[in-house]
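A.B. asks: First, the structure itself, so that you have it in front of you.
Residue numbers (my numbering): 61 to 332.
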């Protein structure tokens, strides 16, 4: 009886701890969400009144709209290129042996532990030395480098869950390695490819630290436009835009998880 009571107390304590951690993590988001509906022209918490006018300003402000479309251009190119390059590299690293394979993998995964501002500053110095322009190609290249590790992770997991005997059977029937990859491997890892693309797109669209160094007024993404805005204004517009950001991102992830099971794709839940 005592042991059963202890188990119940431990379970309750664990749930309370998890709840406390969730509240602590979500508290800034809750504050921003509430502040977005403030009626005052100065960011203030708790709000003295309620209004939706800051949401209207968030979607009508010219710099935000330009940053949104610039961000979409960069995100579409960066995430698509990252999936193509990442899938090819992941298959090569996972399925084949070649010299310096571990070195190559370490270089590809290095953006996970190298600060993003270091990568952005390094690219800025490089293009300055080479007298190259800071156009969309530079921003897209930078974002591909930053999101590539997440695509590799997604494809790795899909390859681990793939029954390799299917590929061997196709090869034994005379299919070339390229045909095996295109007709067997790629179709079977499509959920992992889409999961990698989705996470790459979300990370690219939200990337700020490196983008701050390499974007110009013509190529600035939405996070950079938000940073420039907060340097001049202190109204709740950014809070309203943040709420829109969170709602759209959460909706995309919920839909993707519903139809693809991203937990299994990314190996964060057990397969049945």
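Every residue, glycine too, gets a C-beta built ideally from N, C-alpha and C.
1. Would DSSP call residue 98 helix, strand or coil?
2. Please go through the same chain and pick out, in chain order, the residues whose beta-carbon is closer than 8 Å to the beta-carbon of residue 274, but skip the five residues on each side of it.
3. By how many angstroms is the C-alpha of residue 286 removed from the C-alpha of residue 294?
4. Could you check if residue 256 is buried or exposed, using at least 16 other CB atoms within 10 Å of its CB as the buried criterion?
5. Measure the alpha-carbon distance for residue 127 versus residue 276 and round it to whole angstroms.
6. At which residue ranges does the segment 202-245 contain complete alpha helix (DSSP H) runs of 4 or more residues, listed in the order of the chain?
7. Skipping 5 residues on each side, what residues in its chain have a beta carbon closer than 7 Å to that of residue 122?
8. When we look at the beta-carbon of residue 209 and count the other beta-carbons within 10 Å, is it buried (16 or more) or exposed?
9. Take residue 240 and list the residues in its own chain whose beta-carbon comes closer than 7 Å to its own, dropping the five residues that flank it on each side.
10. Beta carbon of residue 134, beta carbon of residue 281: below 8 Å?
11. Say whether the segment 213-227 touches the segment 139-159, bearing in mind that this needs 3 or more beta-carbon pairs closer than 8 Å, one atom from each stretch.
12. Between residue 111 and the rest of its own chain, which residues show a CB-CB distance below 8 Å, the 5 nearest in sequence each way excluded?
13. From 279, 312, 91, 85, pick the residue whose C-alpha is nearest to that of residue 298; which is it?
14. Return the chain-ordered ranges of every alpha helix (DSSP H) run that is complete within the segment 121-174 and spans a minimum of 4 residues.
15. In or out: residue 300 buried (at least 16 other Cβ within 10 Å) or exposed?
16. If you check the beta carbons only, do residue 214 and residue 259 fall under 8 Å apart?
17. Please report the straight-line C-alpha distance between residue 78 and residue 237, rounded to a whole angstrom.
C.D. replies: Once the coordinates are examined:
1. strand
2. 180, 183, 184, 187, 194, 198, 199, 202
3. 11 Å
4. buried
5. 11 Å
6. 224-232, 237-240
7. none
8. buried
9. 227, 230, 231
10. yes
11. yes
12. 97, 98, 99
13. 91
14. 122-155, 161-169
15. buried
16. yes
17. 48 Å
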